[in-house]
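Residue numbers (the UniProt record's numbering): 1 to 197.
Just so it is clear, CB atoms sit at the ideal spot from N, CA and C, and this is done for glycine as well.
As the structure is a prediction and not an experimental result, all values here were calculated from the model.
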């Protein structure tokens, strides 16, 4: 690929994008949710593992259930958002590798190694959550990622019928209310945390 995104596109996705705490009362449609997923699934994961498991809490009932699992500071961020996504992972993702990665017997790489699968699933599902945020921003939506929640309670509440799934973090999606955010926190220059050797 030789094409580059415009400065306006990069501003939308990265430079001007913010993590929102409050939301305008404007719906995120089912079509927009599907469009986000259709983009995020194209992002690379190791051996195309696709371990991310997503619960899109859009109904008032589902958001109330999720709000019971988050810290007090995050309750409104869940309840007032048009949609709040639980980003989870499947520790048995390897069962799907025969069709997701048919080039070789990748399933055998992970059989009998639950801890290794958990590590790989977490790493790759976090990547997929980042792709989710980039996809949402690319489609004109704002994001509010969160980690202030009870992961075990959320797993029990939303993945009870799928015991191999684990909740990892949350992300509200909608049209952000700029009055609910403070000035952007500092971002380090390249030399602060990088080595080019």
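Rounded to whole angstroms, how far is the Cβ of residue 80 from the Cβ of residue 22, which I believe are closer than 8 Å? Right, their Cβ atoms sit about 6 Å apart.
Contact check, residue 54 vs residue 180 under 8 Å by CB: the rounded distance? No, residue 54 and residue 180 are not in contact; Cβ-Cβ is about 24 Å, not under 8 Å.
Alpha carbon to alpha carbon, how far is residue 82 from residue 168? Give it in angstroms, no decimals. C-alpha separation (whole angstroms): 20 Å.
Beta-carbon separation of residue 122 and residue 89 under 8 Å? Result yes, Cβ atoms of residue 122 and residue 89 sit closer than 8 Å.
Same chain, Cβ closer than 8 Å to residue 184, neighbours up to 5 away in sequence not counted: Closer than 8 Å at Cβ, skipping near neighbours: 18.
Please confirm whether residue 78 and residue 58 have their CB atoms less than 8 Å apart. Not closer than 8 Å, so no.
Unbroken stretches of the beta strand (DSSP E), 3 residues or longer, contained in the UniProt domain "Nitroreductase" (24–174): You should have 52–57, 83–90, 142–146, 165–174.
Cβ-based neighbour list, residue 129, same chain, cut-off 6 Å, excluding 5 preceding and 5 following: Taking C-beta separations shorter than 6 Å and ignoring five residues to either side along the sequence, the partners of residue 129 in its chain run 87, following chain order.
Does the beta-carbon distance from residue 106 to residue 47 come in below 8 Å? It is a contact, given that the beta carbons lie within the stated cut-off.
What residues in its chain sit with their C-beta under 7 Å from that of residue 13, if we drop five residues either side in the sequence? Non-local beta-carbon contacts of residue 13 in its own chain, meaning distances under 7 Å to residues more than five positions away in sequence, involve 134, 137, 138 in chain order.
What does the alpha-carbon distance come out to for the pair residue 155 and residue 165? C-alpha separation (whole angstroms): 7 Å.
Since residue 28 and residue 173 should fall inside the 8 Å C-beta cutoff, what is the C-beta to C-beta distance between them, to a whole number of angstroms? The distance from the Cβ of residue 28 to that of residue 173 is about 6 Å, consistent with a contact at the 8 Å cut-off.
Counting C-beta neighbours from all protein chains within 10 Å, is the total for residue 102 16 or more, i.e. buried, or is it exposed? Answer is exposed; the Cβ neighbour count stays below 16.
Which of the three DSSP states, helix, strand or coil, is assigned to residue 179? It is helical.
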